[in-house]
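Here the structure comes first, spelled out in structure tokens, and everything after it is commentary.
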Amino acid sequence: MALGRDLAAEERRLLGVLLPPSDPLHQALCLSFRTTEESLRNAFQNFGQLVEVNLVMDRIANRPRGFAFLRYATEEESKKAIEGMHGKFLDGRVIFVEVAKPRSDVRQASRQTPERYRS
Numbered sequence: 001m002a003l004g005r006d007l008a009a010e011e012r013r014l015l016g017v018l019l020p021p022s023d024p025l026h027q028a029l030c031l032s033f034r035t036t037e038e039s040l041r042n043a044f045q046n047f048g049q050l051v052e053v054n055l056v057m058d059r060i061a062n063r064p065r066g067f068a069f070l071r072y073a074t075e076e077e078s079k080k081a082i083e084g085m086h087g088k089f090l091d092g093r094v095i096f097v098e099v100a101k102p103r104s105d106v107r108q109a110s111r112q113t114p115e116r117y118r119s
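Here the sequence shown stands for residues 1 to 119, where the numbers follow the UniProt record's numbering.
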């Protein structure tokens with residue numbers, strides 16, 4: 001891969017999913033261990049064309065880890081999904097839907113020590 005190429009765009013091309021780089025990826029949190037990829041699709045497909053659904057699994061326990069990532073064909077559909085599903089029940093639990101943060105932002109935030117714990 002040539003220097004300066006957009007790594008995310010390369011990953012999308014490898015997956016066979018061509019999306020504009022600005023399309024947000026959404027994270028659904030606090031999912032039930034009974035949630036399946038099919039139940040996620042059924043709950044979220046009413047808001048538009050789902051391009052990607054990734055239910056994150058615990059490999060050892062062989063069950064969902066409690067969160068998933070979803071991507072819609074358009075940003076408008078994404079916004080509808082956040083408004084329509086945030087704080088709603090899915091498989092017996094209240095779920096939270098938000099725009100997923102880039103991994104680098106999550107790692108950086110976890111490394112920062114809250115001021116009250118600094119000496």
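Glycine residues also receive a C-beta, built at the ideal position from the N, C-alpha and C atoms. Note that this is a predicted model, so its numbers are computed, not measured.
When the Cα of residue i is compared with those of the options, which residue comes out closest?
i   : options               : result
V97 : N54, T74 and F67      : F67
L40 : L55, Q49, S78 and H26 : L55
S32 : P102, G92 and K101    : G92
T36 : E77, G87, M85 and M57 : M57
A61 : R34, C30, L90 and K79 : R34
Name the one or two DSSP bridge partners that residue i has.
i   : result
F69 : Q27 and N54
E98 : Q27
Count the other CB atoms, across all protein chains shown, that sit within 10 Å of the CB of residue i; report buried if there are 16 or more and exposed otherwise.
i    : result
F47  : buried
P21  : Because P21 carries a pLDDT of 42, less than 50, the predicted location of this residue cannot be relied on, and the following value inherits that uncertainty. Exposed, since its Cβ has fewer than 16 Cβ neighbours within 10 Å.
F44  : buried
A28  : buried
E83  : exposed
P102 : exposed
For a quick check, are the C-beta atoms of residue i and residue j less than 8 Å apart?
i   : j   : result
L70 : V94 : no
E25 : A73 : With the sequence shown as reference, residue 25 is identified as Leu, and Glu is not the correct amino acid for it. No, the Cβ-Cβ distance between L25 and A73 is not below 8 Å.
Q49 : E77 : yes
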